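Peer 1: Going by our numbering, the first sequence opens with residue 383, and the numbers climb by one from there. The beta carbon of each residue, even a glycine, is placed where N, CA and C say it ideally should be. Here the structure is a predicted model, which means the values were calculated and not measured. Sharing a structure with you now.
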Amino acid sequence: MAYWLFKSEPDVWSWEQQVARGAAGEEWNGVRNYMARNNMRAMALGDQGFYYHSRSGLEVVGIVEVCATSHPDSTTDDPRWDCVDIRALRPLARPVTLEAIKADGRLSEMVLVKNSRLSVQPVTPAEWQIICELGGTTP
DNA sequence: GCCAACGTTGGC
DNA sequence: GCCAACGTTGGC
383 MAYWLFKSEP DVWSWEQQVA RGAAGEEWNG VRNYMARNNM RAMALGDQGF
433 YYHSRSGLEV VGIVEVCATS HPDSTTDDPR WDCVDIRALR PLARPVTLEA
483 IKADGRLSEM VLVKNSRLSV QPVTPAEWQI ICELGGTTP
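Written out as C-alpha cells, the structure is:
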C-alpha cells in the first residue's frame, strides 16, 4: 500500500465536508496539474492519504482512503484530467501543523516542504509513520 | 491581501 | 522547441 497527501483549502472543501460524505466518499476533482494527476493515476484501492488544509489552517487534519481508482474527472470534458475518489477514515487526535513538520529534521525531504505547490503528492512510509506519531494516531 | 514560486500557454 | 507572459497557488 502506498501513502499520499491531499491538499485542500478549507474554504473550498474542508475535512468536515469530507467527513460528511461518509463511506461513499467524494470525487477528488478539479486537479489540473499533470504531476498531481499522475499521482492519482498511480493510486490503488485502499491506499491511504493525509488530508491537509492549505492557505488557512496549514495542518494535516485527518486520514483518508482511496475508494475508487482513477477515472475521468466529472467536472470537465477534457480527457486529460482524471481523478480518484477518497473517503475520510479518521481525524488525527492532534492536527500536525506545517510549522511542526518544518521543525522536524526527519521530514525535511517531504514534498510538502520541498514543493509546496503540488496538491496531490506521495508520502514515504517513514514520513507516514512520523506524522501519525506526531498526530497521536496509530499508522 | 501580498507576492514569490511555479506551471501552463502561445507566439515565434 | 524556446521563452516571455500570464494565471494560480499557498505561505506569510
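(1) Measuring alpha carbon to alpha carbon, tell me which of P507, D486, S452 and V401 ends up nearest R469.
(2) Give me the Cα-Cα distance between P454 and V443, rounded to the nearest whole angstrom.
(3) Taking the straight line between their C-alpha atoms, what separation do you get for L471 and W510?
(4) Going by other Cβ atoms of all chains shown within 10 Å of its Cβ, with 16 needed for buried, is E491 buried or exposed?
(5) Taking DSSP's pairing of strands, which residues face I445 in a bridge?
(6) Determine the direct distance from the alpha carbon of W386 to that of I513, and round the result to whole angstroms.
(7) Tell whether a beta-carbon distance below 8 Å holds between E441 and L480.
(8) With distances taken from CA atoms, which of A485, N415, G487 and D393 is nearest S501?
(9) Run through DSSP, which three-state label would P454 get?
(10) Would you say R413 and L427 are within 8 Å of each other, going by their C-beta atoms?
Peer 2: If we stick to the structure as given:
(1) V401
(2) 27 Å
(3) 15 Å
(4) exposed
(5) F432 and R472, per the DSSP bridge assignment.
(6) 12 Å
(7) In this structure, E441 lies near L480, with their beta-carbon atoms less than 8 Å apart.
(8) N415
(9) DSSP places P454 in strand when its eight states are reduced to three.
(10) According to the sequence displayed, residue 413 carries Val and not Arg. No.
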